[in-house]
Amino acid sequence: MLPFLVLIGFLVACDKKDDDSSTTNPPAATGCTSLLPNKLSAKIANQEWCSDQSCFGDLSDVMTINGLNGNGSSLTLKLDSVMPGTYQITEDVNHMIYLNGDGWESTNDNPGTLVITSNNTSTNQIKGTFTVTLRSPLSGNLSVTEGKFDLFYTE
């Protein structure tokens, strides 16, 4: 009887080890996990930011892209340039604003970089990346890196 109990104990211990193996569980999701069809995300002050509440694009005189995060913060891009290419982000062109109780905006003296990777005018889908340092008169500079958008827009 004792050998039988030892065998069962061994099998249970082996079975438990297999259940705890991390190879059987998928890795946790990282970055922007928004279920919205339109995507706008960035690292703001080295923290992941994602438009997980609302995200839209509208093309009239300029392209306005706006995203809202669950913490109440918002990121807005007013793009004068929508054709594929690399452009500056300043106060005067391709302006960017971030709000979270304080307000930061792009400046002329420290331009950022906007890359429009594609703009399909048949489907109204625009994709791009951006990086910029924003400035607040109250709080100083704020780094925005690894920015990206992929969204459908209205006209």
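For the numbering used here, add 234 to where a residue sits in the sequence shown, where the first one is 1.
Backbone N, C-alpha and C fix where the C-beta goes; we use that ideal spot for every residue, glycine too.
Nothing here was measured: the structure is a model prediction, and the numbers come from that model.
Quiz prompt | Alpha carbon of M297 to alpha carbon of V378, nearest angstrom | solution = 20 Å
Exercise. Kindly give me the distance between the Cβ atoms of G346 and T365, rounded to whole angstroms, as I take these residues to be in contact under 8 Å.
Key: 6 Å
Practice problem: Please check the pair G301 and L309, which I expect to be a contact at CB under 8 Å, by giving their CB distance rounded to whole angstroms. | Solution: 5 Å
Quiz item: Taking C-beta to C-beta, are S340 and M330 nearer than 8 Å?
Solution: yes
Quiz item: Taking the C-alpha atoms as reference points, what is the distance between T324 and L269?
Solution: 31 Å
Quiz item: Can you name the start and end residues of the beta strand (DSSP E) that Q359 belongs to?
Solution: Q359 to S370
Practice problem: Within the same chain, show all residues whose beta-carbon is closer than 6 Å to that of N375, passing over the 5 residues directly before and after it, in chain order. | Solution: T367 and R369
Quiz item: Does the Cβ-Cβ distance between N334 and G304 come in under 8 Å?
Solution: no
Exercise. Determine, using beta carbons only, whether L393 and I299 come nearer to each other than 8 Å.
Key: Since the first residue shown for the chain is 235 and the last is 389, residue 393 is missing from the structure and cannot be characterised.
Self-check item: Presumed contact (8 Å Cβ cut-off) between T351 and P318, rounded CB distance
Solution: 6 Å
Self-check item: Between the CA atoms of E282 and S275 - distance to the nearest angstrom
Solution: 8 Å
Exercise. Leaving out five residues on either side along the sequence, give the residues of the same chain with a beta carbon under 8 Å from the beta carbon of D336.
Key: S370, L372 and S373
Quiz item: For C289, which beta-bridge partners are listed by DSSP?
Solution: G301
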